[in-house]
Every structure is written in structure tokens, then in C-alpha cells.
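> In my numbering, the protein residues as written are 6 to 209. Beta carbons: idealized from backbone N, C-alpha and C, even for Gly. So that we are looking at the same thing, I have put the structure below in C-alpha cells.
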Amino acid sequence: MRVDKIIFATGNAGKMKEIRMIMADLGVEVQSMKEADLHTDIIEDGETFEENAMIKAQAIAQELSVRGDQAVVLADDSGLEIDYLNKEPGVYSARYMGEDTSYTVKNANLIRRLDGVPDEKRTARFVCAIAAVFPDGRTFETRATIEGRIGYEEKGGNGFGYDPIFYLPEYGMYSAELAPEEKNRISHRGKALEEMKKVLSREL
């Protein structure tokens, strides 16, 4: 099946920039929901990252089907799990403290909640699950993680979301301090996208 368009179910500009960099050599146009003029209001009520990613992908695929458009739909659900906080904010990462709350406020609150917690107990990971829905109904999923710790302050200007508080001991820097190319290579989303790119290369 030859499909020449991929629609990624997001409106996040930072995320789309990462996605386009990683998917560039597929030779397929990658559009955001906004660029594809899709405005489905999706209720993410899954209990896992995989469930939420598939809910989003299938909702968009359904809207495309009604329009008669042929495209592969990709959707991701990603978040931060902090072990000391019982893996909060987890699947609620985007909605933590409210969707309209700035990440500066969210990050400050998480740091405050870890006040006095030593390094070895500040372990955390970013998780990313990506779902793909093809026009013929086939579905695929990939998942990846990156391990780190929650820092004591925000650092770096290259990331978004929780990147400025996510410290990577093996690199001696925060996720938001990494160069974009390096971040794409090691990040949870970058690794999950690379796995999905293998699926797309095989199935398209």
C-alpha cells in the first residue's frame, strides 16, 4: 500500500519539529492536525500511554475516512513518571495541574514536592508510546523510555514541557540542554519514532 501522507495527531509545534527531523528521510509528507484541517475533540480516557495513543490515532483515522482522505495517522502519548511520587504525573502529564497551566509552574511544583528527597530517590523516566493506523485499518504500536532524575531547578532552552527539570546523569546535563540532534537520538519520543519509522518503511 503506497500512502504519501502521514498525519501526526498533535498541534504541538515543538513536537512536530522533532517528528519532521526524524521522519525526513521517509520521503513522505508529514502534517500536523492543524495543517490537515482536522479538529476532532479527542477524549483521552485510557489508563496507559498505549491506550491513549491508539484512541487519538483511531479518532483521527475515522475523521479522515469520513472525508475520504488516504493517510497514515500517527499519534503519541508521552509523559513523565517520577518513582518517588508513585509514577506521577504519568498519563496525566499534559493535564497535570490543568492543561492551561504553564510548564514553568508545573515544573516548580514537582521540584517542590521533591524538596529534601536525595538524588538516588529522584529517579524518573520519560515514556512515549506511538500508535499508527493505516487506511486499511491495520494498527501498529511502538514504545520507548529514557531514564533520568528530577533536578533541583529548570535548566536549558532547547526542550519543552518537563525537559528543563529532567537530568541525565550519564550526560551530565538536563534534557533541555541537549542539542536537538542529540535529543532526537536518545529521547523517548526519538527512539519510539525511530522504531515506528522502521514499521512505516516496511509497511508503506
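1. K10 bridges to which residues according to DSSP?
2. Who are the Cβ neighbours of K68 in its own chain at under 8 Å, not counting the five residues just before and after it?
3. List the endpoints of the continuous alpha helix (DSSP H) containing Y172.
4. DSSP beta-bridge partners for D88?
5. Quick check on the burial criterion: 16 or more other C-beta atoms within 10 angstroms. Buried or exposed for L31?
6. With the cut-off set at 7 Å, would you say Y267 and G195 are in Cβ contact?
7. Just to confirm before moving on: does the CB-CB distance between C133 and A66 stay below 7 Å?
8. For the alpha helix (DSSP H) containing G153, list its first residue and its last residue.
9. For the beta strand (DSSP E) containing R100, name the first residue and the last one.
In short, the structure shows the following:
1. Answer is E34, bridged to K10.
2. Checking the sequence shown, residue 68 turns out to be Glu, not Lys. Only residues of its own chain outside the window of five on either side were considered, and among them L43, T45 have a CB closer than 8 Å to the CB of E68, listed in chain order.
3. Looking at the DSSP string, Y172 is not in any alpha helix (DSSP H); the run it does join, the beta strand (DSSP E), is 171-173.
4. None; D88 has no bridge partner.
5. L31 comes out exposed.
6. Look at the range of the chain in this structure, 6 to 209, and you will see that residue 267 is not part of it.
7. no
8. Taken as a continuous stretch (DSSP letters only), G153 belongs to no alpha helix (DSSP H), being part of the beta strand (DSSP E) at 144-155.
9. Per DSSP, R100 is not a residue of any beta strand (DSSP E), being assigned neither H nor E.
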